[in-house]
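Q: Take a look at this one; I'll ask things after.
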Amino acid sequence: MESDIAIVSMGLGHLRQVIDLGYQVFDTSAKPYTSWSLTSVAEHLDSAGRSCWVAVDSDRVVGFVLASMEFELRDDWAYLEWIAVAPDMQGRGVAGKLMTACCDTLFEHGARRIVTDVELHNNASAAMMRKNGFTEGTTVTLFVRPNPDEALTEGDDQISLSPGTKRDLIRRGRITGDGRHGRAKA
Ligand SMILES: CC(C)(COP(=O)(O)OP(=O)(O)OC[C@H]1O[C@@H](n2cnc3c(N)ncnc32)[C@H](O)[C@@H]1OP(=O)(O)O)[C@@H](O)C(=O)NCCC(=O)NCCS
Numbered sequence: 001m002e003s004d005i006a007i008v009s010m011g012l013g014h015l016r017q018v019i020d021l022g023y024q025v026f027d028t029s030a031k032p033y034t035s036w037s038l039t040s041v042a043e044h045l046d047s048a049g050r051s052c053w054v055a056v057d058s059d060r061v062v063g064f065v066l067a068s069m070e071f072e073l074r075d076d077w078a079y080l081e082w083i084a085v086a087p088d089m090q091g092r093g094v095a096g097k098l099m100t101a102c103c104d105t106l107f108e109h110g111a112r113r114i115v116t117d118v119e120l121h122n123n124a125s126a127a128m129m130r131k132n133g134f135t136e137g138t139t140v141t142l143f144v145r146p147n148p149d150e151a152l153t154e155g156d157d158q159i160s161l162s163p164g165t166k167r168d169l170i171r172r173g174r175i176t177g178d179g180r181h182g183r184a185k186a
């Protein structure tokens, strides 16, 4: 790893660069969806059990990881939701350093397990998770049955949401502000 890259706790001053890096590297076309948005980052920073770290090279954010002690209804499992390294800095162990800081903190918070999910074709992420002590658990496949009576055109799998539902989903980071889903997980 480059000696001048430091792993530091993420603060508000890193927000703009973290958002931009996420938009640069996350594949927003793959499924299953979760969203990458200001809301989803802010929710991690707001979480009491957060473990959010950035890799910085001078003033440049070259990687980040966002995790928290919030996984479904379990108080003792943590969820590592987002990790990214700038393309020109990949393959140098930056993600490994971020994972160490992140997971150490989650275990200090009392996590008995750390859960993450990896999209089927994201081989780099799967290999990186294995390298950092994660093993495969349950596999979930999104099965989809379209309504044969609906004349669906390509890309017409958008759903119409009431304004209240939409606001709630945006607030919870499940969709982006324009109603689109985000990229595939890890
Ligand atoms: C996944 C990702 C974070 C890895 O970051 P990185 O800094 O390059 O990872 P590291 O250098 O720490 O690599 C650690 C291990 O991961 C594996 N790995 C990393 N990149 C890989 C690739 N392209 N192909 C296969 N394995 C890879 C290797 O086992 C590697 O160990 P090794 O170098 O000793 O062989 C980075 O590729 C990335 O940002 N991808 C796009 C965003 C993304 O998909 N994030 C996950 C979704 S939240």
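In the UniProt record's numbering, the protein residues as written are 1 to 186.
Note that the Cβ used here is the ideal one computed from N, Cα and C, for glycine as well.
Taking 7 Å as the cut-off, is the beta-carbon of Val85 closer than that to any non-hydrogen atom of ligand 3?
A: As presented, the structure is devoid of ligand 3, carrying ligand 1 as its sole ligands.
Q: Report the residue ranges of all beta strand (DSSP E) runs contained in full by the UniProt domain "N-acetyltransferase" (13-159); include only those spanning at least 3 residues, in chain order.
A: DSSP runs (the beta strand (DSSP E)) wholly in the UniProt domain "N-acetyltransferase" (13-159): 51-57, 60-68, 77-85 and 113-115.
Q: Return yes when the C-beta of Arg60 is under 7 Å from any heavy atom of ligand 1, and no when it is not.
A: Because no heavy atom of ligand 1 lies under 7 Å away, the Cβ of Arg60 does not count as near it: no.
Q: Let me know the secondary structure DSSP gives Val8 once reduced to three states.
A: Val8: strand per DSSP, three-state reduction.
Q: Following a CB-centred definition, is Val94 positioned closer than 7 Å to any heavy atom of ligand 1?
A: Within the cutoff, so yes.
Q: Can you list, in chain order, the residues of its chain whose CB lies under 8 Å from that of Asp4, leaving out five sequence neighbours each side?
A: Counting only Cβ-Cβ distances below 8 Å, and skipping sequence neighbours, we find Asp57 and Ser58.
Q: Report whether the distance from the Cβ of Gln17 to the nearest heavy atom of ligand 1 is below 7 Å.
A: Checking every heavy atom of ligand 1 against the Cβ of Gln17, none is found closer than 7 Å.
Q: Below 6 Å CB to CB, which residues in the same chain sit around Gly49 once its five sequence neighbours on both sides are set aside?
A: Same-chain partners within the cutoff: Ser68, Met69 and His109.
Q: Would you tell me roughly how many angstroms separate the C-alpha atoms of Leu38 and Ala6, rounded to the nearest one?
A: Approximately 24 Å between the Cα atoms of the pair.
Q: By Cβ distance, which residues of its chain are closer than 7 Å to Thr100, with the 5 residues on each side in sequence left out?
A: Within the same chain, Thr100 has no close Cβ partners at all.
Q: Among Val118, Ser125, Asn122 and Gly93, which has the Cα closest to the Cα of Val140?
A: Taking only the C-alpha atoms, the option nearest Val140 is Val118.
Q: For Leu142, which option in His14, Met89, Leu120 and Leu98 has the closest C-alpha, if you only look at C-alpha atoms?
A: Out of His14, Met89, Leu120 and Leu98, Leu120 has the C-alpha closest to the C-alpha of Leu142.
Q: Give me, in chain order, the residues of the same chain whose beta-carbon lies closer than 8 Å to that of Met10; leave out the 5 immediate sequence neighbours on both sides.
A: So the qualifying residues of the chain are Val18, Leu45, Cys52, Trp53, Val54, Phe64 and Leu66.
Q: Quick check: does the Cβ of Ser125 come within less than 7 Å of any heavy atom belonging to ligand 1?
A: At least one heavy atom of ligand 1 is nearer than 7 Å to the Cβ of Ser125, so yes.
Q: So the candidates are Asn123, Phe71, Asp27 and Phe26; which of them puts its Cα closest to the Cα of Arg112?
A: The shortest Cα separation from Arg112 among Asn123, Phe71, Asp27 and Phe26 belongs to Phe71.
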